[in-house]
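K.L.:
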Amino acid sequence: MQATATNVKASLMRRYLLILTTLGAAGAVVAAIASASSVTLRLVKDVHDTNAATASFAVKPVDKREAVAVGPAGYPVYTFQGETTHHLICHRTTSSSTNCWAFWPPVSVRSAKGISKAHGIHGKLGTFRNHGILQLTLKGQPLYYFQPDLMSGNKRQANGDELKTFGSIWHVVVAHVAGATAQGTTAPAPSSGGSTSPSWGY
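The numbering used here numbers the first residue of the sequence shown as 1043 and each following residue consecutively.
(1) In the DSSP assignment, the alpha helix (DSSP H) including L1192 goes from what residue to what residue?
(2) In chain order, what residues of the same chain lie with their CB nearer than 7 angstroms to the CB of A1076, ignoring the 5 residues before and after it?
(3) Enumerate in chain order the residues of its own chain whose CB-to-CB distance from K1181 is below 6 angstroms, with the five nearest sequence positions on each side excluded.
(4) Assuming G1156 contacts H1218 under a Cβ cut-off of 8 angstroms, what Cβ separation, rounded to an integer in Å, is found between them?
(5) So, at 8 angstroms on beta carbons, what are the nonlocal neighbours of T1179 in its own chain, with the 5 sequence-adjacent residues on each side left out?
(6) Determine, using beta carbons only, whether V1216 and E1108 come nearer to each other than 9 angstroms.
(7) Using C-beta distances below 8 angstroms, list every residue in its chain close to I1211, excluding the 5 sequence neighbours before and after it, in chain order.
(8) In chain order, which continuous runs of the beta strand (DSSP E) of length 3 or greater are located wholly inside the segment 1143–1169?
(9) Classify F1299 as helix, strand or coil using the three-state DSSP reduction.
(10) Please classify S1137: does DSSP put it in a helix, a strand, or coil?
(11) Could you give the C-beta distance for Y1120 and V1214, rounded to a whole number, given that I count them as a contact under 8 angstroms?
(12) Exposed or buried, which one is S1150 when buried takes at least 16 other CB atoms within 10 Å?
(13) What is the DSSP secondary structure of A1073, reduced to helix, strand or coil?
(14) Check the C-beta distance from Q1199 over to H1090 and give it rounded, since I have them as a contact under 8 angstroms.
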């Protein structure tokens, strides 16, 4: 029964992604990521954090506005509960039912040199090699985007918070300091980068 439920949820997620793709948003997503030049993890205020559109995967409902961390592409970033650079849970595979990266693409940067984060984002910023890309990390946890966020084109809404998919729970990265300054006015706090672990292969 549990395996059947998991398969149904995977099928629903693939269908949701397919619907977004047919709306013609995929090209815009690729362009947005490709054109991103900043490697700073920033804070944006008043982001709508909601999982209403993906409620069938939610461990609890979320519907609020808060300061959220965004990656170089300008979209909210997430961590995967229990995952570290030495214990990866979200894998890239060739199977549509197990390819976590299809729904949760890694936050990648061109170089670890000069990476920084806004005040109000707790933890050390770093990078590691994952399947040939340089993935951004926070407090030793790999950072990801949520594909439906990217494909919506709405950088001020996070749809993936508190979802349980691919074996664990996703959490959007939020500010931990009251009154954290929003994008455009926050002075970034330098953080040492560098590859902290070798390439991962499966």
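The beta carbon of each residue, even a glycine, is placed where N, CA and C say it ideally should be.
P.N.:
The relevant details are as follows:
(1) 1189–1194
(2) Unreliable placement is indicated for A1076, whose pLDDT of 38 sits below 50; the coordinate value is still reported in the next sentence. Nothing meets the Cβ criterion.
(3) Excluding sequence neighbours, K1181 sits near G1165.
(4) Distance from G1156 to H1218 at the Cβ level is roughly 23 angstroms; contact not present, criterion being Cβ atoms closer than 8 angstroms.
(5) T1127, L1167, G1168, T1169, F1170, L1185, T1238
(6) yes
(7) V1101, F1122, Q1123, E1204, L1205
(8) 1158–1160
(9) A query on residue 1299 cannot be resolved here, the shown segment of the chain reaching from 1043 to 1244 and no further.
(10) coil
(11) 5 angstroms
(12) buried
(13) Since pLDDT at A1073 reaches only 37, below the 50 mark, its modelled position is unreliable, and the value read off the structure follows with that caveat. Of the three classes helix, strand and coil, the one that applies to A1073 here is helix, per DSSP.
(14) 4 angstroms
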